[in-house]
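J.: The sequence shown begins at 1 in my numbering and counts up by one.
Glycine included, every Cβ here is placed at the ideal spot set by N, Cα and C.
Here's a structure for you.
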Amino acid sequence: MTAYKVLIADDNSVDRKVLSRVVRNQGNEVIEATNGFEAVDIFTEHRPDIVLMDVMMPGLNGKEATRQIKSIANEDFIPVIFLTSLSDAQSLADCLESGGDDFLTKPYNHVVLQAKIDSYHRMSEMHRTLLNQRDEIARVNRHMLQEQRVAKAVYDNVAHAGCLTSPNIRYELSPLAVFNGDVLLAARKPGGGMHVLLGDFTGHGLPAAIGAMPMADIFYGMTAKGFGLREVLREINQKLKSILPVGFFCCAAAVDLAPDRQAASVWMGGVPDCYLLRNDGERIETLSSRHLPLGVMSADKFNDQMTEFPMANGDRLFLWSDGIIEARNSEGEMFGQERLINVVRDSAHASDVYDDIQRAVDEFVDGSEQDDDTTLIEVVMDDALREDKESAVTKAGISQGPRDWSMEYRLEASTLKSFNPVPLMNHIMMEVPGLRAIGGQLYTVVAELFSNAFEHGVLGLHSSMKQSPDGFMEYYRQREKRVAELEEGFVRINMHHTGVGDSGTLTLTLEDSGDGFDYKRHDREEGSGNNYSGRGIPLIESICDSIEYRGKGNEVSVVIHWPLEQAT
C-alpha cells in the first residue's frame, strides 16, 4: 500500500491522538496540528498529500484554515476532509463551501477513513497528471505558434512579394485562421502592365495555404521573366494538379492588365461573378467563370483561353472570393450576389464602390462569427502602369557574368504557333549582371521586335487596325485565326554581346520570313505625325542607341549600350 503524508488538525488532543494512531497503523505518515493557525503553517512547510481538518477550533476555525490552505495550494489539488460531529445539512454544506472536499462524522469508521484517503489520493494524482498534460500542451502550443509565426513570415514574404502596394490596387484579406486559404498576387510585367491573381483554395488555414507557396513562386518567377499569363496559369495548374490531393483545388480569377492596349484579359475558374465598372459609373460588365478551378484538369485538358475587355484609364475591376458572397449574419442568412450588385449599382461614384462593399458586408455581418476566408480587391487601369517602376539592381561589373558571347535562335512555323521565345531571350540576357538594371527596357525591345517580326512579318497583320478599341479586338481575333492556320514561316533571333569593365554593348538582330515594309519611306516621313500605331518602332528607337533595317525591311538590328543614363 502506498504511504501518504497526512496532516491532522484537531484541538482535542484525545481525538487527535486516536485518529493519528489509526492513520499511522494504515501505513501513512502523520503530521499533527493543534489549531487552525498551526495547520496553515505546517501545510506551507510540509505540503502534505491530504488534510483531515476539525471544523470547530479556537482562534482560526477549520473552515477559515481550509480557505487559506486552498489559496496556498493554488492549482495543486490537496483534498481537505472535515472531521465533525455536526449533522445538520446547512453546517455540512458550509464546510464544503469553504473549500472542503468531503467530511467524516465522529466516531470514525476505520475502513471508510482509509477508503476516502485512497480515493482522494487517486484524485490528487489524476489532477497532477492533468496539470502536467496541460503544461505540456501549453509548451507544445507555444512551440507550434512560434513555428507558425516563422512559417507565416516566410509565407507572407513569398505570397506577398509583388506589387500589392501599387497605387492602383486596394485590397482586404480577412483570414479565418493564421494562414489564409485565399491568396492574392500581383506583379508588374517587365514591359509594363501587371498580372493579378486571386485564388481561393479548398478549406482553410495551413492545409489551404500550403498550395499558395508554389503558386506564388511560379506566378512571380514567370511574370518577372516575361511569360504571358496564359503560360503562367498553365504552369500553376500543372503544379497544383501534381501536389494537391484529390478533392483539393484552387478557384481563381487572373487578370492581365495591358495599359498599352487599354485592355484587360481575364481568366476565371470557379470564382463568383465579378464586375468591371466604367469610370463614369454608368456601365457595369459582369465577369463570369468559364473554366474549372486550377489543379483539377490535367495539362493536356486545361483551358487557358482568356476573355479580353477594353479597359480605359480609371475603369475599375472588382474581384472577390466566395467568402464575401457567403458572409452570414446572426440569423445565418448569406450576404449573396444580389446584395453585392445592388451595392455596386447604388454607389454614388465608381471610386466609392470598394468602401461601400466593405461597409455593407460589415454592417450585414455585424460581429457574427466568420466561417470562411474573405478577400476583396479593386484594380484600377492607370497609365502609370506603362512604365517599369521596378528598382534597378546595383550596378555590377561585367566580370561577374558572361562577357563576350553570341547566340542564334530560329523558330519555325510549328514552334511559333505555340511558343513565345521572349522570356527565354530575356533570361539569357539577365545572366549579364550589368543588363539586369535595364531588364524592363530590354524586355520591351525584344518583345516589340519579336511582335513586329511575327505579327506583321510572318502573319501579315497591319498596325493600322489598332486605331480604336474595336480595332484592337479585331486585330487580336485576326491574330488567333492566322496563328491557327499558320503552316510556314520563321523568325530568326541573333544576340551578340561584348563587354569592357563596367559597360557593354548588346546587338539584337531579328529576321522574319515576311514581305517586309518600305522602311526608307518611313524614315522620310518620320516626324510628320504619320508614325505607326501603338508603341512599336518609335518606342524601340527611344530606348536603343541605333536601329537599322536591312534587305526588304524584314531584318532589323538594334544596338544598346549599357549602362543607360536613366539606369545609373
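Between the C-alpha atoms of residue 98 and residue 137, what's the straight-line distance to the nearest angstrom?
T.: 31 Å
J.: What does DSSP give as the partner residue(s) for residue 258 in the beta ladder?
T.: 263
J.: Give me the Cα-Cα distance between residue 527 and residue 350, rounded to the nearest whole angstrom.
T.: Residue placement at residue 527 is poorly supported in this model, since its pLDDT is 45, which falls under 50; the coordinates are not used for a value here.
J.: How would you call residue 529, buried or exposed, if buried means at least 16 neighbouring beta carbons within 10 angstroms?
T.: Note that residue 529 scores a pLDDT of 41, beneath 50, so its modelled location is shaky; the value from the coordinates is reported in the next line. Under this definition residue 529 is an exposed residue.
J.: Let me make sure I understand the geometry here. Which of 549, 436, 236 and 142 has the alpha-carbon closest to that of residue 199?
T.: 236
J.: Could you tell me which residues DSSP puts in a beta bridge with residue 186?
T.: 196
J.: Is the CB-CB distance between residue 11 and residue 44 below 8 Å?
T.: no
J.: Fully enclosed by the segment 284-358, which beta strand (DSSP E) runs are 3 residues long or longer?
T.: 284-287, 307-310 and 316-320
J.: From residue 524 to residue 301, what distance separates their C-alpha atoms?
T.: Its pLDDT being 48, under 50, residue 524 is placed unreliably by the model, and nothing is read from it.
J.: Considering only residues of the same chain and omitting the five flanking positions on each side of residue 491, which have a CB-CB separation below 6 Å?
T.: 411, 453, 454 and 512
J.: Please identify the residue among 478, 103, 63 and 70 whose C-alpha is closest to the C-alpha of residue 81.
T.: 103
J.: Find out if the Cβ-Cβ distance for the pair residue 509, residue 557 is shorter than 8 Å.
T.: yes
J.: Just the Cα atoms here: how many angstroms apart are residue 25 and residue 132?
T.: 32 Å
J.: Quick check on the DSSP output: the beta strand (DSSP E) that includes residue 217 runs from which residue to which?
T.: First-last for residue 217: 212-224, but that is the alpha helix (DSSP H), not the beta strand (DSSP E).
J.: If you drop the 5 nearest sequence neighbours on each side, which residues of the same chain put their C-beta closer than 6 Å to that of residue 444?
T.: 191
J.: Whose C-beta lies closer than 8 Å to the C-beta of residue 46 among residues of the same chain, with five residues either side of it excluded?
T.: Closer than 8 Å at Cβ, skipping near neighbours: 5, 7 and 31.
J.: Would you list the residues sitting across from residue 494 in a DSSP beta bridge?
T.: 408 and 509
J.: What is the DSSP secondary structure of residue 277, counted as helix, strand or coil?
T.: strand
J.: Looking at residue 505: is its Cβ nearer than 8 Å to the Cβ of residue 561?
T.: yes
J.: So, at 8 Å on beta carbons, what are the nonlocal neighbours of residue 579 in its own chain, with the 5 sequence-adjacent residues on each side left out?
T.: Missing from the structure shown is residue 579; the chain here goes from 1 to 568 and no further.
J.: Which class does residue 47 belong to by DSSP, given the choice of helix, strand or coil?
T.: coil
J.: Are the segment 404-418 and the segment 352-363 touching by the rule of at least three beta carbon pairs closer than 8 Å?
T.: no
J.: Round the Cβ separation of residue 162 and residue 187 to the nearest angstrom and send it over; I've been treating them as touching at under 8 Å.
T.: Right, their Cβ atoms sit about 4 Å apart.
J.: Locate the beta strand (DSSP E) running through residue 102, then write down its first and last residues.
T.: 102-105
J.: Could you name the residues of the same chain whose beta carbon sits closer than 6 Å to that of residue 334, not counting the 5 residues immediately before and after it, in chain order?
T.: 326 and 328
J.: Do residue 66 and residue 53 have their C-beta atoms within less than 8 Å of each other?
T.: The answer is yes: Cβ separation under 8 Å.
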